[in-house]
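The listed protein sequences derive, respectively, from chains A and B.
Numbered according to this note's numbering, the first sequence spans residues 1 to 519.
Numbered according to this note's numbering, the second sequence spans residues 1 to 373.
Reviewing the structure listed below.
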Amino acid sequence: MNTLLTALVDWSRLQFALTAMCHWIFVPLTLGLGVMIAIMETIYVRTGNDFWKRTVKFWMRIFGVNFAFGVATGLILEFQFGTNWSNYSWFVGDIFGAPLAIEGILAFFMEATFIAVMFFGWNKVSKKFHLLSTWLVALSVNLSALWILVANAWMQYPAGMYFNPDTARNEMIDFWAVIFSPVAINKFTHTVLSGFTLAAVFVVGVSAWFLLKKREVAFAMKSTKLAAIFGLVSAILLAITGDGSAVQVAQKQPMKLAAMEGLYEGGNGVKISAIGILKPGKQPLDGKDAMLFDISIPKGLSFLAYGDLNAYVAGIDDIIKGDYHYIDRKGEKKQGIPMTERMERGRLAIDALKSYQDAKERSNAAAMQEAKVILEENFDHFGYGYLKNPKEAVPPVPLTFYTFHIMILLGGFFIILLLLSWWWSRGGSLEKRRWFLHLSLWSIALAYIASQCGWIVAEVGRQPWTIQDLLPVSAAVSGVKAGTVQTTFFIFLTMFIVLLIAEVGIMLRQIKKGPESSQ
Amino acid sequence: MDISILQHYWWALVSLLGALLVFLLFVQGGQTLLFFTAKTEQQKNAIINLLGHKWGLTFTTLVTFGGAIFASFPLYYSTSFGGAYWLWITVLLLFVIQAVSYEFRDKAGNLLGQTTYDTFLFLNGLLGTVMLGVAVGTFFTGGAFIVNKMALTQLNAPVISQWTNGWHGLDALGHPFNILMGAGVYLAASTLALLFVIKWADNSELKAKAKKQVAIVGPIFTLGFVALLAYLFCLTGFKADPTTGILTAVPHKYLHNMIELLWPAVILLMGVVLVLLGLSSQVFCKGKYSFWLTSAGVVLAVFPILLCAAFNNTAYFASTVDMQSSLTLQNSSSSYFTLKVMAYVSLLIPFVLAYIAYVWHVLTNRPEKEGGY
């Protein structure tokens, strides 16, 4: 039974991860490119220079191809919450569903309506109305991101809710706490800025290709200059919000922070790894060293997480033993307890829920009240009741560690790349630096790698939870057979590979055509 | 405000979205014309140009329909999507292939060639509408599921909603009502698509052919719809006791709902009259307003049918294996607070409809300016 459940959970996770990663190939580019296109069209409307109209139309073609695939994979994600995570859909649907519906009403319709004007309205509407439509598309793609990221942030930090034993689910009690939770604000700004940075690197890279080919030099230089400024500002803000995210993780998800740093044994004044290799086979509580090799910054992690060089940072082993602090979902600082005790208290909460319902069926008000008190006292540990071993609460450390460090290093690299792109495009010497143009071109791939790594850190790093501390993946899954999900996984995989090849093929052809064919 | 009012308000909004979705499926109906009506590349392009800036609206309405159900009735989302797995995955795949086809079909380097993408559009138009209709049919015929919220306390198998057979939703295809519903949705989409082409296509041969076809498809749709209504009124539904929530079977439940509530029956009748007026104005007169009359008729006809699936204490997703597991507005909705918050957000819907209508008007009716700006 357990093996079957594990297989089902694994295939369901794999299918969701496949769809989410595929979705995130297309979405970040549209987030940033939409804004840059709107800026370019604003310049066109203000100057009346046809050069900018051709430039806008060229980037719009790239935007359109990406947008279509993003829409397709977005629908799959929405359906999969129900098809593959049906328990989750009930357990948190009262909270999670609301942002999703608001996203549809406020953002998707705006997007679908004005993108039609953006593409088909050139000869039908006035300059100003077309420009307004382009800005509304840029706004709405980012608004779409807002609502789904609010929902995701809530899964990492479930604020503004309470558990209703009558309905056996979590219910929203404070809408503003959900949308303005510090985790939601950080997640939205960090994710959107990552999209802006990726799009800027994409535009700089594509422009570098034109410069290498000595084609469309004026177009490439102006596109580079605009994208470099836009990207540089975004990348610097990205680093700042990344720091904010790390602080939030340290407070609310200390296990994720420990996994991000491969930190098993914590302490005061903890170093941060700049580059490192983990020892294969390292297990929690085995007392062995975690790192095979690393170059680190002394006291860096303590400072990053708490703004204090000597602050205490808990490692994985410390958290399992209960030697840590955290901020709970009501915003209160709590002393951690040993994992085995959390598991016991989780089972107490689950048993209390059962007792509550039994008492309700017997109409025994006193027994209901007694069970409710036990449930409320132990609800913060509810999800731990489903775990069989404390080590199940530890996320996959190597994947979290490496993706985190790749993301950080590439984030720093993009700041330098965009700074140099701006500086040399400003001075007009960019086209002579062919090594740098080659580097810019290849950096497009690096931007996608960094972007995917960010989501892997966020999602793999919070395992085993769908809802932090309340619902592990094993209790969130639908009641279908593993073989069924395996079949649909391969259907989706085949479809995504075929359509991805088609998409890249179309994009390359469109780029090769250049802006001159955009008129 | 009572939670029951909010539950009914949200079911009404879901029903309205469903009715608007059936209207907007004229895009899907139009895609089947690529094979059934258009004979030349020029005619195919005329259809694609007409639908190219409309498909996003249909797609978004489908997404919002799903999102609104998730937000307002999460137990339905959990039970139907998680249980009728293959049915929803099929619907999903049939719509995903549409989303990329408009953008990819005529682009160089698209790997599969234009014919494949046009076939995707055709499959979405034909099977997508039929399967969506079959899925909507389960609002009246139910499914083989059991709901046990206390399964959450079983540590080894905490699944709340279980489908009791291995078909996982494909069993819906075995119920004649669902098939009739699927066929009805497709016929509605085709009829509206033909009227749309007649009104706006920039190709006289295509228009002439569409006029001939609508004279055949329109009456079939009307007869099919009447048969669907007759079947619906013969179905047995489950009635929930408003106090205890206990369900009992009631023969002709949906007919009772129409009669007892009356106002949905009036709306339904208005819808049928408008459809007949729209179709006959096309067949017997110039039919300048046929598309809009028939579209309004379809929305007005579908809306009360969906309303009656759940109003008047009716189980809108009946369990065929355990009557008391059936889903009603009361036992499957979100909390009072969530429904209230979303009700405030829904006040923006008229504003959304207004800008959609304006952009529709601009892109569809306004002539192209020479050279643009």
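The C-beta atom is built at its ideal place from N, Cα and C for all residues, glycine as well.
Close partners of Gly505 of chain A in chain B (Cβ separation under 7 Å): Gly109, Asn110, Leu111. For Gln162 of chain B, there is no enclosing alpha helix (DSSP H); the residue is part of the beta strand (DSSP E) that begins and ends at 161-163. For Gly18 of chain B, no beta strand (DSSP E) encloses it; the enclosing alpha helix (DSSP H) starts and ends at 3-24. The beta carbon of Ser443 of chain A lies closer than 7 Å to those of Val201, Gly205, Leu417 in the same chain, with the five residues before and after it left out.
The beta carbons of Leu195 of chain B and Phe291 of chain B sit closer together than 8 Å. By the beta-carbon neighbour count (other beta carbons within 10 angstroms, threshold 16), Cys308 of chain B is buried. At least one C-beta of chain B is nearer than 8 Å to the C-beta of Ala502 of chain A.
Buried is the label assigned to Ile47 of chain B, since at least 16 other Cβ atoms lie within 10 Å of its Cβ.
Distance from the CA atom of Ile275 of chain A to the CA atom of Ile295 of chain A, rounded to whole angstroms, is 5 Å. Nearest to Gln154 of chain B by C-alpha distance, out of A:Ala502, A:Gln283, A:Leu348, is A:Leu348. Per DSSP, reduced to three states, the secondary structure at Ser335 of chain B is coil, with no helix or strand assignment.
DSSP places His325 of chain A within a strand segment (E or B) once states are collapsed to three.
Of the other Cβ atoms in all chains shown, fewer than 16 fall within 10 Å of the Cβ of Leu223 of chain B; this residue is therefore exposed.
The alpha-carbon separation between Asp118 of chain B and Lys288 of chain B amounts to approximately 30 Å. Neighbours of Phe81 of chain B across chain A, judged by C-beta separation under 9 Å: Phe79, Gln80, Phe81, Gly82, Thr83, Asn84, Ser86, Ser89, Ser478. The residue among B:Leu187, B:Lys149, B:Leu277 with its C-alpha nearest the C-alpha of Trp90 of chain A is B:Lys149.
Here the region 85-99 of chain B does not lie against the region 122-141 of chain A, with fewer than 3 beta-carbon pairs under 8 Å apart. Straight through space, the alpha carbons of Lys199 of chain B and Lys211 of chain B are spaced by roughly 10 Å. Scanning chain A for C-beta atoms nearer than 7 Å to the C-beta of Arg366 of chain B yields Lys124, reported in chain order.
Three or more Cβ pairs closer than 8 Å define a contact, and the region 105-114 of chain B falls short of that threshold against the region 136-146 of chain B. Glu103 of chain A carries a helical assignment under DSSP once its states are collapsed to helix, strand and coil. Residues of the region 157-189 of chain B with a C-beta less than 9 Å from any C-beta of chain A: Ala157, Pro158, Val159, Ile160, Ser161, Gln162, Trp163, Gly166, His168, listed in chain order.
Per DSSP, the continuous alpha helix (DSSP H) segment holding Phe79 of chain A begins and ends at 50-83. Contact check between the region 66-74 of chain A and the region 16-29 of chain A: three or more CB pairs, one atom from each, fall below 8 Å, which counts as touching. Counting along the chain, the unbroken alpha helix (DSSP H) around Val117 of chain A starts and ends at 109-120. Residue contact check for His8 of chain B against chain A: no CB pair falls below 8 Å. Within the model, the alpha-carbon separation for Val56 of chain A versus Val35 of chain A is close to 11 Å. By the Cβ-count criterion, Lys391 of chain A is exposed, with fewer than 16 other Cβ atoms from all chains shown falling within 10 Å of its own Cβ. Of all residues in the region 310-321 of chain B, none comes within less than 7 Å of chain A when Cβ atoms are compared.
Contact between the region 160-178 of chain B and the region 79-90 of chain B is present, with at least three C-beta pairs closer than 8 Å. Bounds of the alpha helix (DSSP H) holding Glu260 of chain B are 253-261. Using beta-carbon distances, Leu493 of chain A does not count as an interface residue toward chain B, since no partner is under 8 Å.
Gly383 of chain A and Glu344 of chain A have their C-alpha atoms some 11 Å from each other.
Here Gly113 of chain B carries a coil assignment [DSSP, helix/strand/coil]. When 9 Å is used as the limit between beta carbons, Met172 of chain A is near these residues of chain B: Ser334, Ser335, Phe337, Thr338, Val341, in chain order. At a Cβ-Cβ threshold of 8 Å, Tyr386 of chain A and Met368 of chain A do not count as neighbours.
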